[in-house]
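Residue numbers (this note's numbering): 779 to 1427. Glycine included, every Cβ here is placed at the ideal spot set by N, Cα and C. The structure presented is a predicted model; accordingly, all values stated were derived computationally and were not measured. Here is the structure we will look at.
Structural data, given as structure tokens:
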């Protein structure tokens, strides 16, 4: 590994040695790039970065030239050039180019690929810092409201502004890029000897986030004027909370528009085109290609685009929260050669035995904690079942109809366990998060009476709040010798949600500085309550659109069911009567029993694909999670499957 890093460093240094002086002379031409590199925190001088950009762009151009020569050889010598390539007319003075057309075309191919690869490489080098800076800006803006609440709570706990910033800089697992920006301020003071005012002014000049710049500039004003920093952070916290409420309303309106657009574009629109395509195909004026394109391409691809779009515009932290740092576990420390080592080794072995017993007692625990683990079991089972089904279908009289059912069952084998474990985990997390405000408020009330945090937790083990099981685990860790902070961090790592991680981070940092943390706990409770209210508001407002998606799906499968069983069936019967009575002058219909079966199969697939896609859309609309849409997808697929299996002959 060390050798790889050494050679990688050499690859970065070589271009600088060759081109570094030339790049220094062009400092003013790349002012924006230098700013973007500082905002992106790229650990490299702009001279070295530009040297690498020019050097590797030239190298890419050389590679493109070699590829161009290879392609030119294939085009000119292997494939051969046609007698007439274009309709260009040459004058007498330029007619000589026709004698060397092979060389001219080869030079064009070589030049084109060389410039293309070299130009793309150079542009990527120039765009990359701005892209990373933009990513950091989004992360800072996302975590800044929570970081301000963190600073406000610590300021109410009695910490000065430098210690608040130092505490925040250590919380990169919880506050991400905000903590890294603040860490620059702390390093500027610790390693470069600057005072707080100079360090804050410096970070304002290089941060990519305008919101963070505004926060730091105003903090500078408060410090210079001798204002109350705690009041400033409180006002900013309330400002961000109100801003979040306003943004939530705008976001919900946008989601409503997206839901209506989805129903129009990928439910009602495809349904209309399917009906039109069927009519044209039956009358013999069109093929089924349009119907195939709508059902097998437009609906699934368009739905996935909507899912990605909703995920991109959804504000707030998503996914599983990172693990908070803990102390070294017992068993990972070195033990000297003493008479107690044998006892210690037995303890380690017994702990491993306990883990095995716990796994045997609850083998589904890994899947309950990480629902994706269920795919390790279900995907092989589903593949084995599908392979066996395909081998059996070879002997069946109707291969496609037989295998269709097996594909649906295969999808259920994969989806249903994943859905169950996800809903179990999500339900558990929602219960814990909904009870966090009460937990924090009770801790605050007991702390304000003079009780220590340890005594407060011990007292709450006898309470009847929903978190009693987790509180007992926290107390057991404390009772067995762990510190209060370590026990709380272990609780946050068991739950792994952003709300709990932020609350515990705030609580542990405040507890490190003071035992009087009642006000800090109240602030944390308010923060959790505010976010819970925003999530509840989203569920309530989006419920109507989830219902609309269900109704639109039912209308979709209902209409294609009616077309299949009533309209097309009657047309087949009419065609059979006409052909049987040899009616002259009747317009023939390109529809028979075999083609009706093909349409039924297409409609069946359309119902399943539409059900799966609409379910995922309902999940991301209502709960902001694709996995939360699996329950809707399973229900809709089941409805479509039963409708066509039981009632369509």
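Item	Value
Whole-angstrom distance between residue 1328 and residue 1411, CA atom to CA atom	10 Å
Beta-carbon proximity of residue 939 to residue 1007, cut-off 8 Å	yes
Check whether residue 1301 and residue 965 have beta carbons under 8 Å apart	no
Start and end residues, alpha helix (DSSP H) containing residue 1144	1143-1147
Sequence-distant residues of its chain with Cβ nearer than 6 Å to residue 1305 (five each side left out)	927
Beta-carbon gap between residue 1285 and residue 1266 smaller than 8 Å	yes
Three-pair Cβ contact test at 8 Å for the region 1200-1208 versus the region 1217-1228	no
For residue 1295, the three-state DSSP class (helix, strand or coil)	coil
Pair within 8 Å by beta-carbon distance, residue 918 and residue 1015	no
Residue 820 - DSSP class collapsed to helix/strand/coil	coil
Simplified DSSP assignment, three categories, for residue 948	coil
Residue 776, DSSP secondary structure in three states	Because the chain spans 779 through 1427 in this model, residue 776 falls outside it and cannot be assessed.
Exposure of residue 1388, with buried meaning 16 or more beta-carbon neighbours within 10 Å	buried
Rounded C-alpha distance that separates residue 1321 from residue 1018	26 Å
Outcome for residue 1139 when other beta-carbon atoms lying within 10 angstroms are tallied against a minimum of 16	exposed
Bounding residues of the alpha helix (DSSP H) (the contiguous stretch that carries residue 996)	988-1003
Selected residue, minimal CA-CA separation from residue 906, among 815, 1331, 1337 and 1027	815
Member of 1371, 833 and 960 whose CA lies at the smallest distance from the CA of residue 1354	1371
Whole runs of the alpha helix (DSSP H) within the region 796-854, excluding any shorter than 4 residues	809-818 and 824-851
Minimum C-alpha distance to residue 1271 - residue among 902, 1137, 1102 and 1010	1102
Selection from 1131, 1053 and 1211 that minimises the alpha carbon distance to residue 1334	1053
Every unbroken alpha helix (DSSP H) within the region 1148-1221, with a cutoff of 4 residues, ordered by chain	1152-1171
Close beta carbons around residue 1414, own chain, < 8 Å, minus the five adjacent residues each side	1328, 1331, 1388, 1389, 1390, 1392 and 1393
Counted within 10 angstroms of its Cβ, other Cβ atoms place residue 1399 as buried (16 or more) or exposed	buried
Simplified DSSP assignment, three categories, for residue 938	coil
Which of helix, strand or coil DSSP assigns to residue 1366	Residue confidence for residue 1366 is low, a pLDDT of 49 falling below 50, so the modelled location carries little weight; the figure read from the coordinates is stated next. Residue 1366 falls in the coil class under three-state DSSP.
Contact set for residue 793: own chain, Cβ-Cβ below 8 Å, skip 5 residues either direction	826, 829, 830, 832, 833 and 834
Reduced DSSP category for residue 1401 - H, G, I as helix; E, B as strand; rest coil	coil
Candidates 1133, 1211 and 1029: closest to residue 1089 by CA position	1029
DSSP state of residue 1258 mapped onto helix, strand, coil	coil
Residue 1068 beta carbon less than 8 Å from that of residue 1051	yes
Assigned secondary structure, residue 1228 (DSSP; H/G/I helix, E/B strand, else coil)	coil
Outcome for residue 1241 when other beta-carbon atoms lying within 10 angstroms are tallied against a minimum of 16	exposed
Cβ pair residue 1405, residue 1215 closer than 8 Å	no
Expected contact under 8 Å - CB spacing of residue 914 and residue 955 to nearest Å	5 Å
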